Amino acid sequence: MVTNEQQPNAQAKQSYASGIKPVWCPGCGDHSVSMALNKALMELGIEKSKVLIVAGIGCSSAMPHQFSTYGVDSLHGRLLPMAVGAKLANGDLTVIGTGGDGDGYGIGGGHLIHMARRNIDITYVVMNNEIYGLTTGQASPTSMMGAKTKSTPFGDIEYPLNPLTLAISAGATYVARGFAGDPMHLAELIKNGISHKGFSIIDVLSPCVSFNTLNTYDWFRQRVYKLDQSHDPTNREGALAKALECEESDYKKMPIGLFYRNEKPTYSEMDMVIKKGALIAQPMPSGEEIRDVIDEYK
Amino acid sequence: MTSINVRIAGANGDGLESSGALLTKVAARNGLHVFAHRGYQSIIRGGHVWYQIRLSEQKPWSYGDGIDILVALNQDAVDYQKSRLKDNAIVIYDAGKADVDALDPKKYRLVPIPLLDIAMKTSGDAIMRNVVAIGAVMGFMGMDIRELNAVVDSTFSKKGQQVVDSNIKAAAAGYNYEGVKKAYDLKGDGKGRYVLDGNTALAMGAYAGGCKFYAAYPMTPATSIMHWFAAHEAKGALFKQAEDEISAIMMTIGAAHAGARAMCGTSGGGFSLMVEALGFAGMMEAPIVVVDSQRTGPSTGLPSKTEQADLLFAMFASQGEFPRIVMSPRTMEECFKAGADALNLAERYQCPVIILMDQYISEHIESVEDFDLGSVKIDRGKIATAGAGGGRFKRYELAADGISPRSMPGMPGLEFVATSYEHDEYGDLVSDVRSGIDEHVEMRRKMNDKRMRKIDTMLKSETIFVPNVVDDGAGYHLVTFGSTTESATEAMEILKQQGISVGLISFNYLLPLDKEKTKRILSGKKLIDVECNFTAQLAQVIMLNTGIEIKNRILKYDGEAITGEELAQKVKDAIANFK
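Order-wise, the sequence lines are chains A and B. With the numbering used here as the guide, the letters of the first sequence map in order to residues 501 to 798. With the numbering used here as the guide, the letters of the second sequence map in order to residues 2 to 580.
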């Protein structure tokens with residue numbers, strides 16, 4: 501009999517899916533994201549118990565339940581700090597954040613910029629459907645100008661947020677955009693994001709088939725194109741220019757792929773405690789060490 | 002009690018605190034007891050600040066009423082502090098900077114010393130006038146100047162020999178100044194003592210208790226906990242400054258979930274931001290410790306002043322119901338113990354533990370004989386053994402005692418999803434498509450019961466959830482909690498000397514409470530409630546738990562801590578008008 505240990509390929513191909521029936525609507529982009537994430541994990545072959553998937557709240561928060569790894573579905577907008585705590589405590593974990601546009605760019609928007617500048621090795625996948633789905637269709641921070649939703653029945657009069665330029669300017673070291681209509685391409689972006697050392701964000705155009713009648717699969721397919729070799733992801737200015745193309749072209753052209761990548765030391769590589777090893781593996785202080793700190797006050 | 006109250010008064014930026022700290026250390030090393038407190042404002046330069054040091058032959062329980070030695074660094078110091086001077090008080094003032102015409106030279110001993118001139122001559126640094134003054138205070142106290150030299154050496158040696166030398170020179174100039182000579186004679190007992198504030202004791206206690214992760218956003222008066230962890234990172238506990246308090250508590254939950262002992266700290270405003278996450282920790286059963294160092298509220302309130310008005314807030318914060326523990330340490334020793342105990346309780350019962358501090362106990366300084374390191378025992382609670390779950394782990398097993406063995410990410414075979422939604426034993430949601438379906442309605446009830454059963458388990462397994470009684474047979478009993486306990490202890494001693502029999506019932510733990518035992522302790526006694534808030538929150542908690550209504554109340558909410566003598570007077574009034 502051949503065990504998994506003797507057959508690395510079999511190990512690598514093991515699915516990470518939990519088999520729990522997803523709650524997403526048929527046709528929801530999040531199904532593809534789930535598939536792409538599973539594919540990325542399968543190709544990387546990371547030990548199941550070492551994977552922690554952290555979600556916020558919204559349709560996207562069903563994601564951890566689709567996996568048989570460790571998972572958390574936490575609070576609306578708060579997945580990033582939760583993920584930071586876990587990653588700092590145990591750097592051996594592969595920590596993946598999965599959220600939505602309301603969750604990550606709206607209520608949790610403040611955390612994103614700090615996450616980006618901290619460069620902690622976490623991969624953040626944002627299912628961006630330009631709408632609040634689970635609350636049945638209100639305008640989100642990425643809803644387009646003029647979008648008619650339940651909260652903007654006469655058309656949205658706020659300009660949408662550009663998550664890509666935000667992430668690049670705030671210091672994220674891996675910034676990509678995928679499309680739920682192309683799960684194979686998305687899987688590659690997620691896989692490379694996980695492999696990237698530092699904070700990775702993958703914004704995913706993930707259509708909401710129930711509440712967003714504007715940004716549909718067809719709408720995206722007419723606009724989306726893949727970045728090719730002519731784009732240099734190590735050039736920050738060029739990356740910003742590409743990230744602006746959506747707006748500059750009045751949403752006629754929407755590039756997907758890797759916009760920006762930069763190798764910088766991560767937070768954990770610089771922190772004096774973690775450099776010595778995972779927090780959870782470090783011993784409790786000895787009586788002598790405790791006495792030492794108390795004696796400072798004599 | 003034989004004690005001397007020294008108050009140094011000046012402006013923010015004058016460096017009162019560091020020179021005051023020198024005096025407390027010298028005294029504590031020489032076997033005196035010390036109790037120090039500072040009054041400051043939420044500004045960086047200017048304004049009026051004071052630092053009062055009580056030096057005593059016996060253990061003092063407050064910083065003392067009245068001033069025996071005043072060091073006045075400017076005119077405000079004379080004007081604002083003169084009403085507190087005791088008869089025959091010594092007033093050291095900078096002749097060029099303050100005039101004392103308002104003070105009766107027959108009533109007080111006025112000592113002009115050109116502090117600034119001496120500072121400039123000895124060190125070329127104006128800030129050293131404090132140290133000149135401390136030297137003079139030591140002269141009046143009859144202390145040995147060589148003791149100060151040793152403290153200066155150990156405090157400033159890192160900053161270089163020049164800093165050490167100029168401190169020593171400045172102090173000696175004050176000590177030897179014409180007319181400065183022994184006026185008081187306090188005798189130390191020869192025991193060297195530690196001097197520190199409550200936040201430091203708490204931080205060290207948490208460190209001793211295995212705290213590996215502390216997250217916070219700066220907020221007075223909790224900030225010095227952060228400073229302690231930041232300065233001691235090399236000792237192996239990670240400090241993470243967060244972008245806000247929501248992030249601080251979520252990071253703490255993340256670290257605790259992953260298996261590191263974790264704590265966060267803030268004041269009321271930050272605690273308000275943490276509330277949603279507190280409920281999340283309750284729901285996912287994350288073992289976290291949250292420190293709320295209360296300040297005068299509501300809203301921004303008085304940032305540098307004290308109050309005990311977050312008690313009910315801490316007990317009830319969050320939507321829904323879940324077990325939690327609320328404690329409020331009463332002494333420096335308990336602040337130290339709270340750190341380790343809270344982490345143990347959090348992991349033993351897999352629930353949030355809230356430590357209620359306040360500006361007074363967080364920031365006042367006391368001398369402490371020693372800390373009981375033997376009492377620090379680390380108990381990590383029920384942890385599942387690897388593999389037992391076979392990949393589909395019942396993290397939230399409906400355990401009889403409510404405490405299900407937990408696993409941490411990284412442990413093979415024990416994978417599960419923790420969630421803020423209501424869930425079943427596996428962590429699978431009973432919301433969404435399962436919500437309202439009979440078996441899942443049943444599961445919601447069972448899971449809530451399971452969590453809430455932990456309260457019964459706590460009460461059965463621990464002996465801590467009752468108040469302490471001092472002098473059970475006394476005629477009247479003060480009832481209080483947290484930081485006010487020390488002042489109540491002093492008031493009790495003062496009243497005893499006056500022949501008034503008053504005992505003390507004080508609470509360290511406030512939630513949960515052993516209702517029967519608490520009721521038994523309180524029953525049949527003449528009770529006087531003492532708290533620093535308007536609505537008598539402790540009295541409300543007692544009413545809720547025991548049905549006993551305490552009608553006699555001494556409540557203070559002006560931002561200042563209640564002192565022993567002040568309280569003793571109010572207790573006499575309360576007894577005279579006892580309802």
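Just so you know, even glycine gets a beta-carbon here, dropped at the ideal spot from N, CA and C. Please read all numbers here as calculations on a predicted model, not as lab measurements.
Find out if the Cβ-Cβ distance for the pair residue i, residue j is shorter than 9 angstroms.
i: methionine 284 (chain B); j: phenylalanine 323 (chain B); result: yes
i: lysine 338 (chain B); j: aspartate 373 (chain B); result: yes
i: alanine 315 (chain B); j: proline 288 (chain B); result: no
i: cysteine 559 (chain A); j: valine 595 (chain A); result: no
i: aspartate 601 (chain A); j: proline 641 (chain A); result: yes
i: threonine 766 (chain A); j: glycine 698 (chain A); result: yes
i: alanine 256 (chain B); j: leucine 779 (chain A); result: yes
i: leucine 758 (chain A); j: leucine 689 (chain A); result: yes
i: threonine 635 (chain A); j: isoleucine 702 (chain A); result: no
i: glycine 504 (chain B); j: glycine 474 (chain B); result: yes
i: serine 484 (chain B); j: aspartate 359 (chain B); result: yes
i: serine 532 (chain A); j: glycine 633 (chain A); result: no
i: alanine 207 (chain B); j: methionine 333 (chain B); result: no
i: glycine 597 (chain A); j: glycine 577 (chain A); result: no
Does the Cβ of residue i have 16 or more other Cβ atoms within 10 Å, making it buried, or fewer, making it exposed?
i: leucine 71 (chain B); result: buried
i: asparagine 578 (chain B); result: exposed
i: leucine 56 (chain B); result: buried
i: alanine 687 (chain A); result: buried
i: arginine 296 (chain B); result: buried
i: tyrosine 725 (chain A); result: exposed
i: leucine 593 (chain A); result: buried
i: alanine 235 (chain B); result: exposed
i: proline 490 (chain A); result: Here chain A has residues from 501 to 798 only, and residue 490 (chain A) is not among them.
i: phenylalanine 535 (chain B); result: exposed
i: glutamine 162 (chain B); result: exposed
i: serine 568 (chain A); result: buried
i: leucine 545 (chain B); result: exposed
i: isoleucine 794 (chain A); result: buried
i: isoleucine 631 (chain A); result: buried
What does a CB cutoff of less than 6 angstroms around residue i pick up in its chain, not counting 5 residues either side in sequence?
i: glutamine 538 (chain B); result: Leu312, Leu313
i: arginine 30 (chain B); result: Gly193
i: glycine 519 (chain A); result: none
i: valine 133 (chain B); result: Leu116, Ile119, Ala120, Ala171, Ala174, Gly175
i: methionine 444 (chain B); result: Asp425, Val431
i: phenylalanine 508 (chain B); result: Pro468, Phe482
i: alanine 274 (chain B); result: Checking the displayed sequence, the identity of residue 274 (chain B) turns out to be leucine instead of alanine. Result list for leucine 274 (chain B): Glu246, Ile247, in chain order.
i: isoleucine 456 (chain B); result: Pro324, Pro513
i: glycine 237 (chain B); result: none
i: leucine 568 (chain B); result: Ser488, Ala492
Kindly list the residues whose CB is nearer than 7 angstroms to the CB of residue i, restricted to its own chain and excluding five residues on each side of it in sequence; keep chain order.
i: aspartate 88 (chain B); result: Lys108
i: tyrosine 422 (chain B); result: Leu430, Ser432
i: proline 406 (chain B); result: Lys383, Ile384, Ala385
i: phenylalanine 157 (chain B); result: Val164, Val165, Asn168
i: arginine 85 (chain B); result: Gly67, Ile68
i: serine 268 (chain B); result: Met220, Thr221, Pro222, Ala223, Asp293, Ser294, Gln295, Arg296
i: glutamate 18 (chain B); result: Arg39, Tyr52
Would you grab the beta carbon distance between residue i and residue j for me? Rounded to a whole angstrom, and I think it's under 8 angstroms.
i: glycine 585 (chain A); j: methionine 409 (chain B); result: That belief does not hold up - the Cβ atoms of glycine 585 (chain A) and methionine 409 (chain B) are roughly 12 angstroms apart, past 8 angstroms.
i: histidine 258 (chain B); j: valine 572 (chain A); result: 7 angstroms
Quick one: residues in its chain with C-beta nearer than 8 angstroms to the C-beta of residue i, no 5 flanking neighbours on either side, listed in chain order?
i: threonine 564 (chain B); result: Ser63, Tyr64, Gly65, Asp66, Ser488, Glu491
i: arginine 8 (chain B); result: Trp51, Tyr52, Gln53, Ile54, Ile68, Ile70, Leu71, Val72, Gln82, Arg85
Closer than 8 angstroms between beta carbons: that is the criterion. Which residues of the stretch 203–222 of chain B meet it against chain A? Residues Met205, Tyr208, Ala209, Gly211, Lys213, Phe214, Ala216.
Can you list, in chain order, the residues of the stretch 428–441 of chain B whose Cβ is nearer than 9 angstroms to any Cβ on chain A? Sequence-ordered contacts of the stretch 428–441 of chain B with chain A read Gly428, Asp429, Leu430, Asp433, Val434 [C-beta pairs closer than 9 angstroms].
Residues of the stretch 404–420 of chain B whose Cβ lies closer than 8 angstroms to any Cβ of chain A, in chain order: So the close ones are Met409, Pro410, Gly411, Met412, Pro413, Gly414, Leu415, Glu416, Phe417, Val418, Ala419, Thr420.
Quick one, which residues of the stretch 768–788 of chain A are near chain B if we go by CB-CB under 7 angstroms, in chain order? For chain B, the residues of the stretch 768–788 of chain A that bring a beta carbon within less than 7 angstroms of one of its beta carbons are Asp771, Met772, Val773, Ile774, Leu779, Ile780, Gln782, Met784, Pro785, Gly787, in chain order.
Give the residues from the stretch 180–205 of chain B that approach chain A closer than 8 angstroms (Cβ to any Cβ), ordered along the chain. Result list: Gly193, Arg194, Tyr195, Val196, Leu197, Thr201, Met205.
Listed from N- to C-terminal order along the chain, which residues in the stretch 241–270 of chain B have their beta-carbon within a distance smaller than 9 angstroms of any beta-carbon of chain A? For the stretch 241–270 of chain B, the residues whose beta carbon sits under 9 angstroms from a beta carbon of chain A are, in order, Lys241, Ala243, Glu244, Asp245, Ile247, Ser248, Ala249, Ile250, Met251, Met252, Thr253, Ile254, Gly255, Ala256, Ala257, His258, Ala259, Gly260, Ala261, Arg262, Ala263.
Select from the stretch 645–675 of chain A all residues with a C-beta closer than 8 angstroms to any C-beta belonging to chain B, and list them in chain order. Residues of the stretch 645–675 of chain A whose Cβ lies closer than 8 angstroms to any Cβ of chain B: none.
Got a sec: which bits of the stretch 31–53 of chain B sit with their beta carbon under 8 angstroms from any beta carbon on chain A, in order along the chain? Those would be none; no residue qualifies.
Relative to chain B, which residues along the stretch 568–580 of chain A have a C-beta separation below 7 angstroms, given in chain order? Within the stretch 568–580 of chain A, the residues whose Cβ lies closer than 7 angstroms to some Cβ of chain B are Ser568, Thr569, Tyr570, Gly571, Val572, Asp573, Ser574, Leu575, Arg578, listed in chain order.
May I ask you to list, following chain order, the residues of the stretch 619–631 of chain A that have a beta carbon less than 8 angstroms from some beta carbon of chain B? Residues: none.
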